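Read the structure below first, then the notes.
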Amino acid sequence: MRPDPTTLLGYSTTLFLIFGLYFTVSEITHGKRRKAFWYSSPFLAASVSGFFFTSPSVIPGLWGLRLGAVFMTLAYGLGWQAIRTMLGRQTCLKTVLMLCMLSLAVSATAASTGTLHVASSVLRMLIITGFHFQVAQDLFYSSRTRTSAERLLLAVIVIYTATYGTLALLTDVLPAPLGSLPTMVWAIILYNLLVIIEGVFIALAMIAIPRERLAAEHHLLTLQDPLTQAGNRRAMTIWMEQNETSSTPYALFLLDIDHFKAINDCHGHTAGDQVIITAARSSQKILPQSASFFRIGGEEFAVFLPFIDTCHTLNIAHRLKAAFTQDVKDIGDGIIEATLSIGADIRHSPETSWLEVWQKADAALYVAKSTGRNAVVMGAAETAD
1 MRPDPTTLLG YSTTLFLIFG LYFTVSEITH GKRRKAFWYS SPFLAASVSG
51 FFFTSPSVIP GLWGLRLGAV FMTLAYGLGW QAIRTMLGRQ TCLKTVLMLC
101 MLSLAVSATA ASTGTLHVAS SVLRMLIITG FHFQVAQDLF YSSRTRTSAE
151 RLLLAVIVIY TATYGTLALL TDVLPAPLGS LPTMVWAIIL YNLLVIIEGV
201 FIALAMIAIP RERLAAEHHL LTLQDPLTQA GNRRAMTIWM EQNETSSTPY
251 ALFLLDIDHF KAINDCHGHT AGDQVIITAA RSSQKILPQS ASFFRIGGEE
301 FAVFLPFIDT CHTLNIAHRL KAAFTQDVKD IGDGIIEATL SIGADIRHSP
351 ETSWLEVWQK ADAALYVAKS TGRNAVVMGA AETAD
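According to UniProt numbering, the stretch in the sequence shown is residues 1 to 385, in order.
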């Protein structure tokens, strides 16, 4: 059976209309009117484009085709805005409308053949390519973590950017709607399939990405200490498991705020919380980016630091202690005085388990606490200020 382009266009128009209505109802139901507008707009614009192409009697002649083409171009531009909205970025509607009006203006001066017709087709493809490139760029720089749906959508958009860029280069040798030559059935079918496949991918991604991001945020919260925003004990356990077989030598610091109960009793729990926050902030200010920092208990912290040599390790430990002692004076009226005790040990190779290193660092911390506090102890040898 010979494929019917009009029927295929009708199916795609209906599909885009369904997607547009879905996003409208879905987002409005959740009280997100702005998202409802931006999420639905590209699909509704595509359905309007399909209406012009499948109903030539409404606006016969070239103007019906021109309006169909400009609404499809607009759909791509609005798709870019929908992605920006989903990523929490500012929209650029004015840019989209200006480019679409430029495309329509050039198209309006062109006949069905000739140099201007070719230029109009090239311009339209270049604008569509540009919209895709912007989507790819926004997705690439969207966040510090990228979900699987975002990675898949980025790959699809990159492929389509290359595809439309190639079509722009081959415009004068391809039939419409792929190029500027007289329309052929296979070109209509191929272009329509390209649009449908991309539209379905984008719609499904726009449904999946917010859900995956929400799940990722919830997972992150389970690994984060709510007071200091540092990793919690569970996050530390995962880190240790991931680095169990690492050949990188690490220094382990166990930090404990001295006389913390007395601080709480004397100044209140709010002040105590500020002391804990200060300990986290001052430590993260001193530690290099390669270090991993965790809050493992009320006033206890753990640091995993790539080991260079003993002198370097002790220097960082003493800087941690000094920075905290200084920074804690900025709390309230400066009446709070607090110090840190630090126990440390080195894991030179994966043959030594984290448990062994932890026990030695914990024993060193005990020595620091029992011999006057405000000290750094490495293994069994004490080094105090």
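Even for Gly, the Cβ is constructed at its ideal location relative to N, Cα and C. Predicted model only: the values in this text are computed from it and were never measured.
Can you check DSSP and say which residues form a bridge with residue i?
i           : result
residue 93  : Partner(s): none; residue 93 has no beta bridge.
residue 251 : 305, 346
residue 231 : 224, 294
residue 9   : Beta-bridge pairing links residue 9 to no other residue.
residue 181 : 175
Can you give me the Cβ contacts of residue i inside the same chain, cut-off strictly under 7 Å, excluding the 5 residues immediately before and after it?
i           : result
residue 172 : 118, 179, 180
residue 124 : 69, 73, 103
residue 75  : 42, 45, 46, 49
residue 317 : 253, 342, 344, 376
residue 206 : 39, 82, 86
Mapping DSSP to helix, strand and coil, what is residue i?
i           : result
residue 150 : helix
residue 240 : helix
residue 175 : strand
residue 217 : helix
residue 370 : helix
residue 18  : helix
residue 462 : There is simply no residue 462 to check, as the chain begins at 1 and stops at 385 in what is shown.
residue 170 : coil
residue 333 : coil
residue 375 : strand
residue 338 : coil
residue 359 : helix
residue 268 : coil
residue 327 : helix
residue 258 : coil
residue 155 : helix
Closer than 6 Å by C-beta to residue i: which residues in its own chain qualify, once you throw out the five before and the five after it? Chain order, please.
i           : result
residue 290 : 306
residue 99  : 127
residue 372 : none
residue 244 : none
residue 80  : 131, 134, 135
residue 106 : 120, 123
residue 381 : At residue 381 the pLDDT is 44, less than 50, meaning the model places this residue with poor confidence; the figure from the coordinates comes in the next sentence. Contacts found: none.
Below 8 Å on the Cβ atoms is my contact criterion, and I expect residue i with residue j to pass it. Report the Cβ-Cβ distance as a whole number of Å.
i           : j           : result
residue 255 : residue 195 : At roughly 58 Å, the Cβ-Cβ gap does not stay under 8 Å, so residue 255 and residue 195 are not in contact.
residue 40  : residue 24  : 4 Å
residue 7   : residue 47  : That belief does not hold up - the Cβ atoms of residue 7 and residue 47 are roughly 16 Å apart, past 8 Å.
residue 160 : residue 212 : Not really, about 21 Å apart at Cβ, beyond 8 Å.
residue 135 : residue 83  : 5 Å
residue 232 : residue 295 : 6 Å
residue 177 : residue 188 : 6 Å
Taking 8 Å as the limit between beta carbons, can you name the residues of its chain near residue i, skipping five residues before and five after?
i           : result
residue 283 : 255, 293, 301, 303, 320, 323, 324
residue 223 : 231, 232, 234, 235, 238
residue 4   : none
residue 85  : 34, 35, 38, 39, 91
residue 362 : 254, 343
Q | Cβ pair count under 8 Å reaching 3, the stretch 52-60 against the stretch 112-123 | A | no
Q) On the three-pair Cβ rule with 8 Å, is the stretch 211-219 touching the stretch 261-271? A) no
Q) Is it a yes or a no for the stretch 139-155 touching the stretch 35-42, going by three-plus beta-carbon pairs under 8 Å? A) Fewer than three Cβ pairs drawn from the stretch 139-155 and the stretch 35-42 lie within less than 8 Å of each other, which leaves the two stretches out of contact.
Q. Counting pairs of Cβ atoms below 8 Å between the stretch 221-237 and the stretch 290-301, do you hit three or more?
A. yes
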